[in-house]
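The structure appears right after this line, and notes come after that.
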Amino acid sequence: MLICFFFLFTLLGRDNLCKCGYSKSQHIEGTQVNNTEKWSYRKHTKELPTDAFGDIQFENLGKRGKYIRLSYDTDSEMLYDLMTQHWHLKNPNLVISVTGGAKNFALKPRMRKIFSRLIYIAQSKGAWIFTGGTHYGLMKYIGEVVRDNTISRSSEENVVAIGIAAWGMISNRDSLIRSSDTEGYYSAHYIMDDLKRDPLYCLDNNHTHLLLVDNGTHGYPAIEAKLRTQLEKYISERVIPDSNYGGKIPIVCFTQGGGKETLKAINVAIKSKIPCIVVEGSGLIADVIASLVEAEGTLASSSVKERLLRYLPHTVSRLTEEETESWIRWIKEILENPHLLTVIKIEEAGDEIVSNAISFALYKAFSTNEQDKDNWNGQLQLLLEWNQLDLASDEIFTNDRRWESADLQDVMFIALIKDRPKFVRLFLENGLNLRKFLSKEVLTELFSNNFSSLVFKNLQIAKNSYNDALLTFVWKMVEDFRRSIKKEDKNGKDETEIRLLDESSITRHPLQALFIWSVLQNKKELSKVIWEQTRGCTLAALGASKLLKSLAKVKNDINAAGESEELANEYETRAVELFSECYSSDEELAEQLLTYSCEAWGGSNCLELAVEAKDQQFIAQPGVQWYMNGNKYFSDLWNIMDTLGIFYFITGIIFRLRSSNENSWYSGRVIFCLDYIIFTLRLIHIFTVSRNLGPKIIMLQRMMIDVFFFLFLFGVWMVAFGVARQGILRKNEYRWEWIFRSVIYEPYLAMFGQYPDDIDGTTYNFDRCTFSGNESKPLCVELDANNHPRFPEWITIPLVCIYMLSTNILLVNLLVAMFGYTVGSVQENNDQVWKFQRYFLVQEYGSRLTIPFPFVIFAYIYMVMKKCFKCCCKKECKEPSICCSKYEDNETLAWEAVMKENYLVKINSKANDSSEEMAHRFRQLDMKVFCF
């Protein structure tokens, strides 16, 4: 800090006031007195260790921040180290210096919207915001927007709002000074007194850090401008290796309104090669500069003066001729660098206007800088960071520049991490070789440091839950990549258990690995771009559909699960449409695609993945159905019924062979009767081949599932009523079979309308019951002293009425409604569901041996022996799949790639047609409105 040690009398004749602004009593002992010299901070002040630093607590507001009082000429490097090392601020990715409107004024709603967007950008980009730091004028509104934008966010530290103010202009600053005996941590309690009438300002409570600049004066505004300018210049020239902007920290000056100090700030920023954004419509000096930027022809001093008089009439009228010339000179110097000026109009304030303005301003400054104009990688990184695809296409990827694949690899990796699908497509179109780019190191980095741990956890849960080959394969692949960066944990056991995949199987298919990485993390548009580059697109789409559906089942977040389901359905649709394109072109090659398998998808083929994912739309296609009629496959959903029928048959035979025992003979007959029911019902499965009966059988199967869940609900009512009824009517029934009848069987029959006759004492028949329990009759109800039924009819009769009302009307109708919904859902996709189920019937009969019974037994014995022989030898000759063969670019995949291009052209044409149709409708609507 600086203190004045000369007392120079002011020209105002106030003997007790020095030219520094402090009274004589506020000077240190031994102060010299002089009446003739001109006061200068360099000559008349001396530097002492600062006495004001630490945390600042704003009373009654609960806000806390950091502050420090420092000298006017503090070294910028030292100040930057203070903020990053002692205040532990992260290196900024961007610095936004806001200036203009130091006096109190009413902020326009559109301007507040612009500042709100500015704060959001600062938070999302990890930026620092520089302001004047006082609770006055523009700084006050900036603080309020910072507060409003951080109320609902988890961490206020993401918004770094740094106020740089003049120490001599701060009200109540004595509370910030530490006492002489204070050491270490200090928390100052600052009172904001907005009602205090003096020329000093209160500090703003919504700023996170405060730099209070002292040059030894009191009551002199704007003395902090030089330190702020030097700090901004130092930061802009500082080299940061991990910066997203070519090793530099970009700075942008954001201006609204303002007067002389704002004009000087813009002038100094432009001279320091710092781009400035001016808000047209915010008034004062901002409107002067904005209007002159748009002016054509040579800029004359008279034109500048005319604009000053138009927008600042009161201010300019008070200026001397010399001051006016200075203003005109400053404005001309600013306008000599139009590439550093970006104007936005306040009436066009939208969500993207601020972001676009900042990115455009930074790019213009970067691309015109002598040091960086040929740094294409840095320019690309800047545009990639701000997602400015049009600028990159128009300004960088021009016809006169040739790009090598290696030149785009760094930005390609950033585009993948930041999920910029349009940039990924742009790089691919301009020469990036994706296969060369996807080295083992790149894939390892993607799957280890840029892969969600929650996704990996869900993948592991899905693998353990479903014991699925594809899920297991993908989990092992991800685990291999994640473990490969932890080579220091080399445990023989660990490596044996985890590294179960052959590395070459993945390195041969880097595009599929990248596609899986994007799909697992629900990067919707990015995964589509990568899908277009893969070989075996139909298989990849079905694999993605299966993975996403499996993950959706284990996700706890309903919204995330819904997103996965939606993306899975999109990939199923892509597989359907692409296969339809293929089948319409060449049926034979299309059928080859159905059985094409690839080790990148766990060795599965299209049909296997579609069936496992229950992609009914794909299975129901004519091409797949035609293939099923002429081919054989592998599964049987009715095996349980077959096994049960055979087991009953064998059991019945065993009982019937014991003909000497009459009971055994009868038991065998009963078992045969039950077995007959099973075998007869088994014939239903044959009718699934019928287009009319097939869907009805599917309805019955799904309705059985509805009944199963309904029985749980009905069981609660039945047991509640049955136990209560038994306890009220009878005492000490010990026969389990009759307890079951009374508690379960009779309440169940009541659901179908059979009214219980033992709850009404006037009609109770004692001939149909037993008192002793020795007869095969139900136990009689408990009697009173007069040998009348003891149960209270006013309880039993209403209880039965309520039970029958609940079951006969409510629950049964609920079951009917469930049946109706099930039938309707099947009926909506009648043909698709039938074709999907028909697929399994074809599989069942296609996979069976054609040898008739009983000779087929010998064939099964041969198959079992062959399997055992293979297991004993343990010599497996694994043939590589088509995609792993020496000639990978085979006819089928090459043909599919051509069909894929045709398909993509069609869907893009449809999208363009729909956009044009929408635009045409809007034009028609505009014409109608105009006519009115």
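Start counting the sequence shown at -11; every next residue gets the next number (our numbering). Where is the CB? At the ideal position from N, CA and C, for every residue including glycine.
- Taking a contact to require three or more Cβ pairs closer than 8 Å, the stretch 206 to 220 and the stretch 50 to 63 qualify as touching.
- Just so you know, the alpha carbons of K320 and P326 end up roughly 11 Å apart.
- Taking a contact to require three or more Cβ pairs closer than 8 Å, the stretch 498 to 510 and the stretch 581 to 592 qualify as touching.
- Put simply, the backbone Cα of E225 is about 10 Å away from that of K261.
- Within the stretch 266 to 323, the complete alpha helix (DSSP H) segments of 4 residues or longer fall at 272 to 281, 289 to 299, 301 to 305 and 309 to 323, listed in chain order.
- Distance from the Cα of I628 is smallest, within the candidate group G338, R670 and I44, for R670.
- Within the same chain, Cβ atoms closer than 6 Å to the Cβ of L595 are found at L582, the five residues on either side in sequence being excluded.
- The straight-line gap separating the alpha-carbon atoms of K537 and N438 is approximately 22 Å.
- Going by DSSP, I150 is part of the beta strand (DSSP E) stretching over V148 to A154.
- C(-8) and D202 have their C-alpha atoms spaced approximately 11 Å apart.
- In this structure, I158 is the residue among I158, G114 and Q111 with its C-alpha nearest to the C-alpha of T122.
- For R523, no alpha helix (DSSP H) segment is defined, and its DSSP state is neither H nor E.
- Straight-line measurement puts the Cα of I150 at about 22 Å from the Cα of G207.
- Ranking K361, I273, R413 and N357 by CA distance to the CA of L372 puts R413 first.
- Judged by DSSP secondary structure, A457 falls within the alpha helix (DSSP H) whose first and last residues are A457 to R471.
- Going by DSSP, S224 is part of the alpha helix (DSSP H) stretching over A213 to E225.
- The beta carbons of S13 and L5 sit no closer together than 8 Å.
- Its Cα nearest to that of C757, the residue L717 stands out among I790, N796 and L717.
- In the three-state reduction of the DSSP assignment, E392 falls in the coil class.
- When the beta-carbon positions are compared, Y891 and E575 stay at least 8 Å from each other.
- Between the alpha carbons of N649 and V658 lies a distance of about 15 Å.
- Of the candidates T312, K464 and A528, the residue whose Cα lies closest to the Cα of L597 is A528.
- Boundaries of the alpha helix (DSSP H) harbouring L669: E650 to R670, taken from the DSSP string.
- Shown here for A153: same chain residues with a beta carbon closer than 8 Å to its own, the five before and five after excluded, namely G120, G121, T122, Y189, L191, L198, L199, L200, V201 and E212 in chain order.
- The alpha carbon of L323 has as its nearest neighbour, out of A337, Y129, L280 and N194, the alpha carbon of L280.
- By alpha-carbon distance to T138, the top candidate from H195, T170 and F93 is H195.
- Of all alpha-carbon atoms in A738, I638, Q714 and M739, the one lying nearest the alpha-carbon of F728 is that of Q714.
- In the three-state scheme derived from DSSP, where H, G and I count as helix and E and B as strand, H32 is classed as helix.
- Contact between V430 and F469 is absent: CB atoms are separated by about 10 Å, not below the 8 Å threshold.
- Exclusion of the five residues before and after K511 leaves D407 as the residues of its chain whose Cβ lies within less than 7 Å of its Cβ.
- For P610, the closest C-alpha among the options K823, I237 and F425 is that of K823.
- Between I277 and A345, the gap from beta carbon to beta carbon reaches 8 Å or more.
- Judged by beta-carbon spacing, T880 lies within the 8 Å limit of L577, meaning their Cβ atoms are closer than that value.
- F41 has its alpha-carbon roughly 6 Å from the corresponding atom of R57.
- The Cβ atoms of G204 and Y29 sit closer than 8 Å to each other.
- In the structure shown, the three-state DSSP call for C(-8) is strand.
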